[in-house]
Amino acid sequence: MSQPSGNHARDPHGRPSAATVAASLLRRSTLRPSLALVLGSGFDKVLGRCTSVLEISYSSLPGFPRPGVAGHAGKLVLGYVARIPVAILSGRGHFYEGHSMEAVTFPVRVLAELGVKTVCLTCAAGGINSRYKAGDYMVFSDHINFMGTNPLRGWNLPGTPRFVDLSQTYERGLRDLVEKAAKKAKARLHTGQYLAVCGPSYETPAEIRAFGRLGADAVGMSTVPEAIVARQCGLRVAALACITNLAAGRNKQAITHAEVLSTGEAGAQVLSEMMEEFVKLYAQAK
């Protein structure tokens with residue numbers, strides 16, 4: 015049975031301990047999932063595949079950021095997908111909302127303290143690669159951090175590495191599972207590199223051209239901070255983006271958040287099938 019690490023080291027800035035929050039959750043549920051899903055914009059329909067055991071609003075969890083963007087429910091769910099125990103973070107707080115990097119990534123630290131070993135991060139993204147179309151999906155092979163900061167900057171939690179190797183952030187074995195799940199769900203999936211920006215403004219056509227030259231296939235405003243912290247916590251990481259729009263310069267129409275949500279909702283059925291299949295494949299591969 016997984017137990018929190020007991021690392022209740024006092025944060026010099028008075029922030030809550032992930033171990034303390036995890037301990038309170040473990041007292042409320044006997045579920046001990048080894049897999050967690052983080053649901054980004056338009057991914058909340060995945061909850062329809064989950065039999066919930068415990069649901070808690072982020073507002074009731076110390077240290078959790080409260081999402082203020084449409085498409086992010088802002089709740090932690092412990093339950094079962096295809097009879098397999100999972101933890102689900104439905105929605106995330108974003109750096110562009112004014113949350114600190116510590117707050118944005120705090121839920122991932124709590125997942126690690128709950129005993130989670132693997133996390134699948136999801137998000138919406140703009141397609142830079144000319145082969146990508148709205149409604150496609152991309153599994154991360156790597157990322158480029160263009161957010162101007164790093165979530166590990168500042169005070170380092172005792173017992174965690176100060177310097178984290180990111181040469182294999184997104185594990186190949188997990189990517190293979192995502193690819194198999196996408197094939198089963200008949201989803202159009204690419205493998206590519208994700209570039210993270212601070213936001214909240216969308217990118218300019220000139221920026222998109224520059225990002226493409228750097229090797230980026232898709233661009234978004236999240237996920238990378240969580241992936242970095244997950245690796246610091248020793249978690250295995252997979253990440254999946256829904257290409258909800260074509261990046262600036264690839265489309266004559268203005269980019270809107272409504273378009274992002276609409277594309278995500280249109281593919282909700284395929285996405286839900288893909289995530290459920292990923293959970294099944296993960297359990298079989300353990």
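Residue numbers (this note's numbering): 15 to 300. Ideal placement from N, C-alpha and C gives every residue a C-beta, glycine not left out.
For Arg46, the secondary structure class from DSSP, reduced to helix, strand or coil, is coil. In the DSSP assignment, Lys294 falls within the unbroken alpha helix (DSSP H) covering 282-299. The closest CA to that of Glu287, considering only Lys200, Val211, Gly229, Ala244, is found on Lys200.
Closest in C-alpha terms to Asp231, from the list Leu188, Leu49, Lys147, comes Lys147.
Rounded to the nearest whole angstrom, the C-alpha separation of Gln207 and Lys194 is 19 Å. Looking at the DSSP output, His157 shares a beta bridge with Tyr208.
For Ile269, the three-state secondary structure derived from DSSP is coil. The beta carbon of Val35 sits closer than 7 Å to the beta carbons of Leu75, Pro76, Gly77, Val124 from its chain, once the five residues preceding and following it are set aside; these are given in chain order.
Proximity of the segment 131-141 to the segment 236-252 meets the contact definition, three or more beta-carbon pairs being nearer than 8 Å. Excluding five sequence positions before and after Tyr110, the CB atoms of its chain that fall closer than 8 Å to its own CB belong to Cys212, Gly213, Pro214, Met235, given in chain order. Note that the C-beta distance between Ala139 and Ala101 is not below 9 Å.
Boundaries for Glu240: no beta strand (DSSP E) harbours it, while the alpha helix (DSSP H) harbouring it runs 238-246, taken from the DSSP string. Remark: fewer than three beta-carbon pairs, one from each stretch, lie closer than 8 Å, so the segment 86-99 and the segment 214-224 are not flagged as touching. Secondary structure note for Arg250: its beta strand (DSSP E) is the uninterrupted segment 250-260. Classified as buried, Phe154 has 16 or more neighbouring CB atoms from the shown chains inside 10 Å of its CB. Leaving aside the five residues that flank Thr163 on each side, the residues in its chain whose CB is nearer than 7 Å to its CB run, in chain order, Met115. The C-beta of Lys89 has 16 or more other C-beta atoms within 10 Å across all chains shown, which makes the residue buried. Under DSSP, Tyr151 forms a beta bridge with Leu203, Cys256. Annotation: the continuous alpha helix (DSSP H) that includes Thr119 extends over 115-128.
Using a C-beta cut-off of 8 Å, the segment 282-298 makes contact with the segment 54-68, since at least three inter-stretch Cβ pairs fall below that distance. Counting of Cβ neighbours within 10 angstroms places Leu188 among the buried residues, the total reaching 16 or more.
Taking C-beta atoms under 8 Å as the contact rule, Val52 and Glu240 qualify, at a distance of about 6 Å. Setting aside the 5 residues that flank it on each side, Leu191 is surrounded in the same chain by Ala252, Phe292, Leu295, Tyr296, Ala299, each with a C-beta closer than 8 Å to its C-beta; the list follows chain order. Bounds of the beta strand (DSSP E) holding Pro99 are 98-104. In this structure, Ser31 is the residue among Ser31, Cys256, Gly278 with its C-alpha nearest to the C-alpha of Ala126.
Here Ala261 is buried: its Cβ has 16 or more other Cβ atoms, across all protein chains shown, within 10 Å.
Shortest Cα-Cα distance from Arg245 to any of Pro79, Ser43, Phe160, Phe177 involves Phe177. With respect to Ile142, Thr183 sits apart: the two C-beta atoms are not nearer than 9 Å.
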